[in-house]
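Worksheet for the structure shown next.
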């Protein structure tokens, strides 16, 4: 019920009807109604579609499941694997921690991104907040707006995530980097 409650709360806060949100996500009105009423649990793909349509981080749906805490510990290899828009075979996004209930005024999502397979076309991302990248391994040409940055192990890039951004070219694989995204805290 908590996830459905969060979906309804954010939808109403934005003044969006059930029909409008259903159309924006490609799901039926009946399916969205069942999610909001807690009759069914949405898949991760459905949560991603809702997150995008509502303009909020996917982790915001889970705040009803968390106890207030000031630390998040994740053992090596135990991050939550997510599929983001444009993710394809050989591209892995692992959420490394999350603290929803905090007093800082910001929400932060740390990801370990691993790119194992080359691709001709890369998606660009655009979202609210700031993002920090730190290259751990490999070499990537990364786009931010109309600028390109050749990034190697040890390099970092900090930017306004509202501009289109994403990998432009995978030069040396595997490529691994930390992506730390901060959003204004939505109450």
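Residue numbers (the UniProt record's numbering): 1 to 187.
Don't be surprised by glycine CBs; every beta carbon is placed ideally from N, CA and C.
Among 46, 6, 39 and 109, the one whose alpha carbon lies nearest that of residue 23
46
Beta strand (DSSP E) runs contained entirely in the segment 142–174, provided each spans 3 or more residues:
147–152 and 156–160
Does the Cβ-Cβ distance between residue 129 and residue 184 come in under 8 angstroms?
yes
Using a 10 Å radius around the Cβ and a threshold of 16 neighbouring Cβ atoms, would you call residue 167 buried or exposed?
buried
Paired residues, beta bridge with residue 107 - DSSP
183
Suppose you measure from the CA of residue 187 to the CA of residue 49; what does that come to, to the nearest Å?
At residue 187, the pLDDT of 47 sits below 50, so the modelled position is not reliable; the number obtained from the coordinates is stated separately. Their Cα atoms are separated by approximately 21 angstroms.
Anticipated Cβ contact below 8 angstroms, residue 142 with residue 133, distance rounded:
7 angstroms
Would you call residue 57 buried or exposed, if buried means 16 or more other Cβ atoms sit within 10 Å of its Cβ?
buried
Pick helix, strand or coil for residue 91, following the three-state DSSP scheme.
Of the three classes helix, strand and coil, the one that applies to residue 91 here is strand, per DSSP.
Taking 8 angstroms as the threshold (C-beta atoms), are residue 115 and residue 96 in contact?
no
Return the chain-ordered list of same chain residues with a C-beta closer than 6 angstroms to the C-beta of residue 6, the five sequence neighbours on each side being excluded.
Counting only Cβ-Cβ distances below 6 angstroms, and skipping sequence neighbours, we find 61.
Sequence ranges, alpha helix (DSSP H) only - wholly within the UniProt domain "HTH cro/C1-type" (7–61), length at least 4
18–25, 29–36 and 44–54
Excluding five sequence neighbours on each side, which residues of the same chain lie with their C-beta closer than 6 angstroms to the C-beta of residue 93?
82, 84, 111 and 113
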